[in-house]
Amino acid sequence: MIQPILEVRDVVKYYEDKAVLNGVSFRVFKGETKIIIGASGSGKSTILKLIIGLDRPDEGTILVDGEDITKLDEQQMVHVRKKIGMVFQESALFDSLSVRENVGYRLYEEGVDEQEIDARVRQVLGFVGLEDAIDKRPSELSGGMKRRVALARALITEPQIMLYDEPTAGLDPITSRKINELIIALRDIKSVTGVFVTHRMRDAFTLATEYATNGDHEIKFHTEDNFICIANTRFLLLRDGKIIFEGPDEVLRKSEDEYIKRFLA
Amino acid sequence: MPLSPKAAIKEVQDVSFLAARAFGSIFRRPHYVRDILIQMELIGVGSLAVVMLTGFFTGAVLTLQTSKTLSTFGAVGYTGALVAVSLVRELGPVLASLMVAGRVGSGIASELGSMLVTEQINAMRALGTDPVKKLVVPRVLATISMLPVITIVADAMGILGGLFTSVFVLNITPNLYLNRAWDSLRYMDLFGGLLKPLVFGATLAIVSCHCGLRTYGGTQGVGRSTTQAVVASSILIIVFDLFLTRIILAYTR
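Keeping their order, the protein sequence lines are chains A and B. When you read off a place in the first sequence, starting at 1, and then add 1, the result is the number in the numbering used here. When you read off a place in the second sequence, starting at 1, and then add 1, the result is the number in the numbering used here.
This is how it looks when you write it as structure tokens:
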């Protein structure tokens with residue numbers, strides 16, 4: 002039986018007296034992207050913070066690559082976090098460091114040789130299309146460029162799992178499209194498992210209906226058209242801290258549930 | 002807003018935990034030597050000008066005030082002794098620490114507070130770095146190591162300020178002022194005067210880091226944390242000074 006790379010079991014999380022997550026369970030398999038959608042305050046971002054150990058659940062367990070992370074302390078979480086990359090909602094770049102230092106942060110921390118850091122930073126910046134911005138400061142970058150640098154920073158150590166916390170929020174459609182294409186390429190070309198949090202249905206359906214292939218010297222993007230379920234993506238809809246839908250986009254679109262219909266409208 | 006007793010106890014507990022975590026991780030790898038050196042420069046070299054000015058004018062004013070009192074006993078010649086002892090034992094460490102609390106404490110709280118509200122601290126943790134080791138420990142070590150140095154500079158500038166006033170206002174000869182100052186100082190005065198900035202440095206750095214790391218409420222929260230860091234550090238410096246002075250005097254009788 003195939004083991005999930007990420008499993009959330011009966012997780013409950015309270016903030017003050019309010020249950021933000023109330024018995025949430027789901028599994029993510031290798032190479033799959035789980036899109037978590039829901040209204041603001043439904044607990045989407047909280048799930049990501051629990052997965053990477055920035056916060057702890059009050060009940061339930063979270064297994065990363067088979068290991069229960071809910072009992073680990075900050076020191077023990079270091080090796081778990083090496084398997085996970087995260088793109089924050091507002092990029093969260095270190096504003097006192099250059100793009101090179103931001104992207105190569107993990108490598109500098111690990112004491113990797115300066116020349117190797119430079120090569121790997123250039124490679125990953127090339128992937129997100131920002132090689133020219135290597136010596137710039139975050140304050141010199143546009144919103145979309147910051148998100149791409151944040152993506153490059155998360156990718157530098159080639160993590161098995163990527164967490165995306167509304168990576169396209171506040172961006173124009175063209176820049177959003179670029180970010181979505183990078184995430185699709187990571188899923189389909191590099192088989193990176195992902196958890197993508199958003200309330201923008203347009204972005205969510207782009208991820209669910211498009212797939213990437215390796216063309217001659219460039220990555221090509223295609224839509225599923227009549228071939229359903231090529232894009233390895235499943236939806237998860239949260240409402241008031243509970244999962245009310247889990248499945249592929251085709252089933253989500255056909256749902257008769259009133260709340261889902263209103264949400265998709 | 003005044004703190005409830007429960008909230009006050011929670012604050013003390015949180016500061017104590019942060020101090021324990023910071024001191025507990027000083028000897029654990031990785032060691033951020035570069036960050037420590039950068040903070041030493043920011044805290045030490047960066048505070049020199051303000052501490053030199055404060056020390057000089059405090060010494061000058063202290064000389065004027067003490068000479069007035071001493072003149073009623075015909076002991077103006079002892080001005081140097083009184084000024085030196087007051088500066089080395091008390092005013093140097095306290096004034097230097099208060100100046101650093103105002104300048105550096107506010108900087109630490111606002112920097113860490115801004116990093117917190119923009120999720121940079123979370124990003125750091127997500128990238129596998131312990132923010133206490135990376136951000137708190139270098140600031141604590143740099144403040145502890147630089148504050149005694151700054152205090153020595155403040156003491157020296159204070160004595161120099163006193164010399165300036167003595168010579169040009171009170172017409173005391175430089176030799177008399179300096180000899181009285183030198184003769185009045187004991188090793189225990191120097192020891193006490195350098196022990197205090199060690200404690201004050203640790204206090205202001207830990208309190209400022211704590212205020213920064215528990216910031217909430219966006220940019221307004223950063224401003225609030227900055228103010229709280231300076232106020233809390235300054236009050237604690239003055240309170241700890243009383244206890245330290247009592248302990249030091251008990252051992253130097």
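Idealized CB from N, CA, C, for every residue including glycine. Since this is a predicted model, take the numbers as computed values, not measurements.
By the neighbour-count criterion, in which 16 or more other beta carbons inside 10 Å mark a residue as buried, E257(A) falls on the exposed side. Where F222(A) is concerned, the enclosing beta strand (DSSP E) starts and stops at I220 to T224.
Taken in chain order, the complete alpha helix (DSSP H) segments of 4 or more residues contained in the region 146-195 of chain B are 175-185. Looking at the DSSP output, F58(B) sits in no beta bridge, so it has no partner there. DSSP, reduced to helix, strand and coil, places I3(A) outside both helices and strands of the structure shown, so it counts as coil. The Cβ of R107(A) sits closer than 8 angstroms to at least one Cβ of chain B. Any Cβ of chain A closer than 8 angstroms to the Cβ of E120(B) would place that residue at the interface, and such an atom is present. V200(B) and V51(B) have their alpha carbons spaced roughly 21 angstroms apart.
Taken atom to atom, the span from the alpha-carbon of L136(B) to that of S209(B) is near 12 angstroms. Pairing V133(B) with F18(B), the inter-Cα distance amounts to about 11 angstroms. In the structure shown, N233(A) falls within a coil segment according to DSSP collapsed to helix, strand and coil. Considered as a whole, the region 31-61 of chain A harbours 34-39 as its complete beta strand (DSSP E) runs of no fewer than 3 residues, in chain order. Ranked by Cα distance from H211(B), the options I27(B), E12(B) and I151(B) are led by E12(B). Per the coordinates, the alpha-carbon of M100(B) lies some 26 angstroms from the alpha-carbon of A21(B). Under a 10 Å Cβ-count criterion, L63(B) is classified as buried, with 16 or more other Cβ atoms of the shown protein chains found around its own Cβ. Within the same chain, G93, P94, A97 and P198 come within 6 angstroms of T152(B) by CB-CB distance, once the 5 residues on both sides are set aside. Taking C-beta atoms as the reference points, S234(B) and G106(B) count as a pair closer than 8 angstroms. The residues I37, Q40, M41 and I44, in chain order, have a CB closer than 6 angstroms to that of A143(B) in the same chain once the five nearest residues on each side in sequence are set aside.
Within its own chain, the residues whose Cβ lies closer than 7 angstroms to the Cβ of K45(A), once the five positions on either side in sequence are excluded, are I37, G39, V198 and L239, listed in chain order.
Across the region 84-95 of chain A, CB contacts with chain B closer than 7 angstroms involve M87, F89, E91, A93 and F95, in sequence order along the chain.
One Cα belongs to G54(A), the other to G60(B), and the distance between them is close to 54 angstroms.
Contacts between D131(B) and chain A, judged by CB atoms closer than 9 angstroms, involve E75, Q76 and V79 in chain order. With a threshold of 8 angstroms between beta carbons, R215(B) makes no contact with chain A. Contacts with chain A at 8 angstroms (Cβ-Cβ) do not include L19(B). K50, I53, G54 and L55: these are the residues of the region 44-57 of chain A whose beta carbon lies less than 9 angstroms from some beta carbon of chain B, given in chain order.
In the DSSP assignment, I70(A) falls outside any alpha helix (DSSP H), carrying neither H nor E. Contact of R101(A) with chain B is not assigned, every C-beta pair being separated by 8 angstroms or more. For R82(A), the chain B residues whose Cβ falls inside 8 angstroms of its Cβ are R126, A127, L128 and G129, in order along the chain. From the beta-carbon of E110(A), the residues of chain B found nearer than 9 angstroms are P31, L128, G129, T130 and K135. The Cβ atoms of M87(A) and L126(A) do not sit closer than 8 angstroms to each other. N123(B) belongs to the set of residues whose beta carbon lies under 8 angstroms from a beta carbon in chain A.
Between I180(A) and R138(A), the CB-CB gap reaches or exceeds 8 angstroms. In the three-state DSSP reduction, K255(A) falls in the helix class (H, G or I). Straight-line spacing of the CA atoms in I239(B) and T253(B) works out to 21 angstroms. For the pair of segments examined, the region 181-190 of chain A was found not to touch the region 6-26 of chain A: the number of CB pairs separated by less than 8 angstroms stays below three.
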